[in-house]
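Numbering-wise (the working numbering), the sequence shown opens with residue 139 and increments by one. Using N, Cα and C, we set each Cβ at its ideal position, and we do this for glycine too. Since this is a predicted model, take the numbers as computed values, not measurements. Inspection log for the structure reproduced underneath, given as structure tokens.
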Amino acid sequence: MTLFDSFKRGMKKTRDLITGGLNRITASVTAFDETMLDELEALMVQADFGMAASTDILDRLKEKIRGGGSADRAQVTSYLKSIWLEILGSPRFLTVNHEAMTVILLVGVNGTGKTTTAGKLCHRFQSQGYKVMLAAADTFRAAAIDQLKHWGNVTQTPVVAHQVGADPASVVYDAISGAKARNADVLIIDTAGRLHNKKNLMDELAKIRRVIEREAPQSHCESLLVIDATTGQNAVQQAKVFHETTEITGLVITKLDGNAKGGVAVAVAHQTQTPICLAGLGEGIDDLSDFDPQAFVNALIPDESESNFQ
């Protein structure tokens with residue numbers, strides 16, 4: 139299945155909302171005017187682009203149409219696609235460093251799907267022929283440790299875990315030692331859910347990073363913030379504050395298939411300027427896709443010629 143096919147299947151709810159809205163708007167309005175702009179803004183807010191991104195998108199749209207022009211569906215579609223792509227930026231795919239171990243640190247609040255993402259990433263890299271290890275650095279919840287061990291069993295991957303209440307940094311220390319001993323290509327670290335304003339938890343995250351820098355100084359480290367698309371603008375706010383308070387190299391948006399809130403991807407990119415690396419588009423073990431902005435936009439808003447697009 140291609141990236142486009144994955145997004146086409148996963149983004150159906152959002153696509154139905156947006157295409158239905160565009161058909162209605164362009165059928166009743168024949169010129170770019172305030173009525174059309176108001177309708178487009180309402181449509182984007184409904185799809186969870188958020189007010190900030192929607193307002194900016196409309197401002198950019200006004201610049202594009204300043205010279206006049208038709209307001210047919212094809213023209214509106216073309217303009218919106220180009221603006222969304224400007225906001226989403228270039229693709230930023232997650233890759234493995236062939237010169238040294240790649241360490242992937244998964245962070246975020248509780249309930250966003252960090253542990254499931256760890257398991258799916260493990261499967262993904264193993265399928266590509268890489269040797270992977272998992273580290274259960276969420277030591278606050280026994281369920282989190284058990285869940286990661288479950289993914290270890292499913293993928294036949296070693297899991298480094300301590301008892302509940304152990305120092306997460308010590309788990310990471312042991313995991314790095316184990317990964318070196320096994321010549322692992324990738325070490326995936328699942329961390330506890332945390333809020334940006336919980337100083338002790340943010341300090342703990344900094345401590346984990348220091349352990350990685352000290353024990354694996356040559357490693358390529360990715361710090362990925364995992365957010366849940368179904369929480370809409372709450373996800374945008376989480377991304378914004380994490381971006382402001384800690385180092386984040388990329389975003390993972392889970393449950394993009396869960397409802398018609400797919401616009402949250404554009405909203406997050408707009409608010410943080412942090413690249414989206416991965417998208418969760420289903421519950422299956424293979425339903426974690428590279429985030430390709432072009433594939434996302436094409437699946438979200440089909441061209442007029444694709445009227446039978448399902």
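Compute the beta-carbon to beta-carbon distance between residue 274 and residue 298, rounded to the nearest angstrom, for a pair I have assumed lies under 8 Å. Residue mapping note: residue 274 aligns to position 136 of the sequence shown, counting from 1. Residue mapping note: residue 298 aligns to position 160 of the sequence shown, counting from 1. Going by Cβ atoms, the distance from residue 274 to residue 298 rounds to 7 Å, so yes, they are a contact pair.
Using the beta-carbon count (16 or more within 10 Å), is residue 430 buried or exposed? Sequence index remark: in the sequence shown, residue 430 carries index 292 (1-based). Buried.
Where do the N-terminal and C-terminal ends of the beta strand (DSSP E) with residue 270 fall, by residue? For the purposes of this step, residue 270 is identified with residue 132 of the sequence shown, where counting begins at 1. Element bounds for residue 270: 270 to 275.
Work out the CA separation of residue 303 and residue 278 for me, nearest whole Å. In the sequence shown, the residue the question calls residue 278 occupies position 140. In the sequence shown, the residue the question calls residue 303 occupies position 165. For residue 278 and residue 303, the distance between alpha carbons rounds to 6 Å.
So is residue 276 buried or exposed if we call it buried at 16+ other beta carbons inside 10 Å? For the purposes of this step, residue 276 is identified with residue 138 of the sequence shown, where counting begins at 1. Buried.
How about residue 424 and residue 261: are their beta carbons less than 9 Å apart? As a working mapping, residue 424 is identified with position 286 in the sequence shown. As a working mapping, residue 261 is identified with position 123 in the sequence shown. Contact flag set, yes.
On the premise that residue 434 lies in contact with residue 187, defined as a C-beta separation below 8 Å, what is that separation, rounded to the nearest angstrom? Residue mapping note: residue 187 aligns to position 49 of the sequence shown, counting from 1. Residue mapping note: residue 434 aligns to position 296 of the sequence shown, counting from 1. Incorrect: roughly 13 Å between the Cβ atoms, too far for contact.
To the nearest angstrom, how far is it from the Cα of residue 282 to the Cα of residue 181? Counted from its first residue, the sequence shown places residue 282 at position 144. Counted from its first residue, the sequence shown places residue 181 at position 43. Cα to Cα, residue 282 sits roughly 38 Å from residue 181.
Given a cut-off of 9 Å on the beta-carbon distance, is the pair residue 241 and residue 163 in contact? Looking up residue 241 in the sequence shown gives position 103. Looking up residue 163 in the sequence shown gives position 25. No, the pair does not count as a contact, with Cβ atoms beyond the cut-off.
Using only the alpha-carbon positions, how far apart do residue 231 and residue 390 sit? Here residue 231 refers to the residue found at position 93 of the sequence shown. Here residue 390 refers to the residue found at position 252 of the sequence shown. So the alpha carbons of these two residues sit roughly 11 Å apart.
Write down every uninterrupted run of the beta strand (DSSP E) in the region 394 to 446 whose length is 3 residues or greater and which is fully enclosed by it, in chain order. 414 to 418, 426 to 428
If I measure Cβ to Cβ from residue 361 and keep anything under 6 Å in the same chain, skipping five residues before and after, which residues do I get? Start at 1 with the first residue of the sequence shown, and residue 361 comes out as number 223. Around residue 361: 243, 385, 386, 387.
Are three or more beta carbon pairs between the region 353 to 370 and the region 395 to 402 nearer than 8 Å? yes
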